[in-house]
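Enquirer:
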Amino acid sequence: MKEKIKTWYDLGLWSAQMVRQAAEKGVLTSEDVAEILGEGVEA
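In our numbering, the protein residues as written are 34 to 76.
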């Protein structure tokens with residue numbers, strides 16, 4: 034699922050907030066979010 038969400042984010046179909054919400058719902062880890070958004074790992 035991470036690869037799909039990364040693709041959707043890169044294409045502009047998903048916002049950063051949507052990616053973070055996926056992590057809140059347990060679909061992604063915080064490391065996945067950091068990788069997708071190109072940020073440092075969130076605490």
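Heads up, the beta-carbon is just placed ideally off N, CA and C, and yes, glycines get one too.
Apart from the five residues on each side of it in sequence, which residues of its chain come closer than 8 angstroms, Cβ to Cβ, to isoleucine 69?
Expert: The count along the sequence shown starts at 1 and reaches residue 69 at position 36. Answer for isoleucine 69: Lys35, Ile38, Lys39, Tyr42, Val52 and Leu61, listed in chain order.
Enquirer: Report the three-state DSSP secondary structure of lysine 35 (helix, strand or coil).
Expert: Within the sequence shown, residue 35 is the residue found at index 2, counting from 1. Helix.
Enquirer: Label aspartate 49 either buried or exposed according to how many other C-beta atoms from any shown protein chain fall within 10 Å of its C-beta, with 16 as the threshold for buried.
Expert: Your numbering for residue 49 matches position 16 in the sequence shown. Strictly speaking, residue 49 in this sequence is alanine, with aspartate absent from that position. Burial call: exposed.
Enquirer: To the nearest angstrom, how far is it from the Cα of leucine 46 to the Cα of alanine 55?
Expert: Numbered from 1 along the sequence shown, position 13 holds the residue referred to as residue 46. Numbered from 1 along the sequence shown, position 22 holds the residue referred to as residue 55. Looking at the two C-alpha atoms, the distance is approximately 14 angstroms.
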